[in-house]
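Engineer: Residue numbers (our numbering), protein chains in the order written: chain A, -15 to 297; chain B, -15 to 297.
Before I ask anything, let me first share the structure, which is written out below as structure tokens.
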């Protein structure tokens, strides 16, 4: 049933070289009530299996195998996400990615912000969940200028004190030392311009945004609760968890890099309970990109319900 | 701490009009062994709650509420996906979307194929899981020409007979009548050019691709099992399920549009068991886009594990 004409037609075209085919751009749009939310992909970082604590190795193995988490010799592939939350003319960015602090697999927030239709100058407010490099470095350019020249930078006072002071650094182990300098450098251009704002737990930072204290991963770690309408809410929870395949099912499992592991577990349980009970939208910095969705109860623990891709209306 | 200079800088820029901000393009790339797989988003279709059968309404309500499925008055938002599977120079398309058969919320396969770096002329093989409009209409242009001018079109003989013959149409209810004409029209340009191929259950269609009979939704409904390497496999399963929030947890629940609901349940259970037991990659036409991932056992039933977004290496 083949004809010569057909066979030649079938071989006449130049085949596409699949090696050159890349991934779709790293942004994702979701309207939530009055808010237009854009998830931005900064990149991936490997998180070592050995840094999961307060859980036995066998349980970890069963959970990650069952959930098909990509793993290399360096650890589990873990996303780093940031979020633009626009309300009317107000353009707020929660976390800013890694810039050049952690190597070439990260640092794509600005590229993806532009791909998503924004310019860095559009951002008027930068809210940072905590002062770690993959959230904070991106507020500055590699040359040390403000990456968001029109923005006010908001950071919990407890994290400003901890990560830019000398006291904690003096006690910190060697691998943590660079983090202090990175935090100081990132904040510097905003501090110099009088555009750094400190806040405390439970404060209303800007209209419609509540700072929810979720300490443990760092002393000032904060989740931001956005009013999206009369009843709808979006909680951008930062680093409430790091190992999604493990810590929804076993919230008591903790991360070695947490400043206070017990407190981090308490914050995680509290915020998961509230998210599930209230049906809040959730955005997580280390949930699989876009990291938008909901938390549901699953017996004594929780499960992640990722947003469904769809057209934006 | 505000300065006049800052306030004016903050208001000088033109705010981005969020109403004009769209969704990221509808493609997603994943390497699986030797294969480069590209998911293509055709659009969304509402599937009515009332068309879910063999399950009580209360269980459905609990499942969909818990899984935050977007729902309008017409039904649950349900994705329509197609897949390009490239192996070396060979460019295979599984299912082709809806073209103009089902209105303006669908018909985006060609646009997203181009966004993903392919041209319709690159496709040498079109494999269609079954002869319904949202899988088959897209093989033809609205003018009745072959949309993939260099491709051979493969369709199960049982579906060619059923959907282009007169016998089944004579017995079919009124709402199903248009489907027969749509199937005839879509196939026509390939049949006229001698480029339509029928196949039977269990046949090796092209090198490295096995036709797995999964009948029930239609008489000839087929899933395609791709060899991706020595042990890795990708099963593109078409319409093995339609209501992901319900039918993984309750595989016995069926869809009113299934030609044979009991047979569809049997095929669904069989293919979910095999996918979970073998750790196959799965691609599903009505799973949330990109619809790529794995099936895991969850007690007596199953759960969907979506792929994680990441860079393509």
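From the three backbone atoms N, C-alpha and C, an ideal C-beta is built for every residue, glycine too.
1. If distances are taken between C-alpha atoms only, which option among B/254, B/128, B/253 and B/134 comes closest to residue 104 of chain B?
2. Please list, in chain order, all residues of the same chain as residue 167 of chain B whose beta carbon is under 7 Å from its beta carbon, the five residues on each side excluded.
3. Please report the straight-line C-alpha distance between residue 218 of chain B and residue 246 of chain B, rounded to a whole angstrom.
4. Applying a beta-carbon distance threshold of less than 8 Å, which residues of chain A neighbour residue 9 of chain B?
5. Between the beta-carbon of residue 275 of chain B and the beta-carbon of residue 268 of chain B, is there less than 8 Å?
6. Just the Cα atoms here: how many angstroms apart are residue 241 of chain A and residue 35 of chain A?
7. With DSSP as the reference, identify every bridge partner of residue 35 of chain A, one or two as the case may be.
8. Identify each residue in the region 84 to 95 of chain A for which the Cβ-Cβ distance to at least one residue of chain B is less than 8 Å, and report them in chain order.
9. Suppose you measure from the CA of residue 212 of chain A to the CA of residue 87 of chain B; what does that come to, to the nearest Å?
10. Please list, in chain order, the residues of the region 211 to 239 of chain A that have any C-beta partner in chain B closer than 7 Å.
11. Of all the CB atoms in chain B, is at least one closer than 8 Å to the CB of residue 28 of chain A?
12. Is it right to say residue 127 of chain A is buried, meaning 16 or more other beta carbons lie within 10 angstroms of its own, or is it exposed?
13. Determine which residues share a DSSP beta bridge with residue 211 of chain B and list them.
14. Report the three-state DSSP secondary structure of residue 51 of chain B (helix, strand or coil).
15. Hey, out of A/68, A/50, A/10 and A/27, whose CA is closest to residue 19 of chain A's CA?
16. Going along the chain, which residues of its own chain have a beta-carbon closer than 7 Å to the beta-carbon of residue 223 of chain A, five neighbours each way excluded?
17. In the DSSP output, which residue or residues are listed as bridge partners for residue 282 of chain B?
18. Kindly list the residues whose CB is nearer than 7 Å to the CB of residue 44 of chain B, restricted to its own chain and excluding five residues on each side of it in sequence; keep chain order.
19. What would DSSP say about residue 181 of chain A, mapped onto helix, strand or coil?
20. So the candidates are B/286, B/110 and B/82; which of them puts its Cα closest to the Cα of residue 234 of chain B?
21. Would you identify the three-state DSSP class for residue 141 of chain A, choosing helix, strand or coil?
22. Return no unless some Cβ of chain B is closer than 8 Å to the Cβ of residue 292 of chain A.
23. Identify each residue in the region 265 to 279 of chain A for which the Cβ-Cβ distance to at least one residue of chain B is less than 8 Å, and report them in chain order.
24. How is the beta strand (DSSP E) around residue 16 of chain B delimited, first residue to last?
25. Beta-carbon within less than 6 Å of residue 70 of chain A's beta-carbon, same chain only, minus the 5 sequence neighbours each way: which residues are those?
26. Threshold first: 3 residues or longer. Then list the beta strand (DSSP E) segments lying entirely within the region 234 to 276 of chain B, N to C.
27. Pull up the distance between the alpha-carbon of residue -14 of chain B and that of residue 169 of chain A, whole angstroms please.
Structural biologist: Put simply:
1. B/134
2. 115, 120, 147 and 148
3. 26 Å
4. 8 and 9
5. yes
6. 7 Å
7. Per DSSP, none; premise fails for residue 35 of chain A.
8. 89
9. 31 Å
10. none
11. yes
12. exposed
13. B/217
14. coil
15. A/68
16. 113, 114, 201, 205, 269 and 270
17. B/285
18. 33, 36 and 230
19. strand
20. B/286
21. helix
22. yes
23. 272, 273, 274, 277 and 278
24. 11 to 16
25. 20
26. 265 to 267
27. Because residue -14 of chain B sits at a pLDDT of 35, beneath the cut-off of 50, its placement in the model cannot be relied upon, and the following sentence gives the value as read from the coordinates. Each residue's alpha carbon lies about 22 Å from the other.
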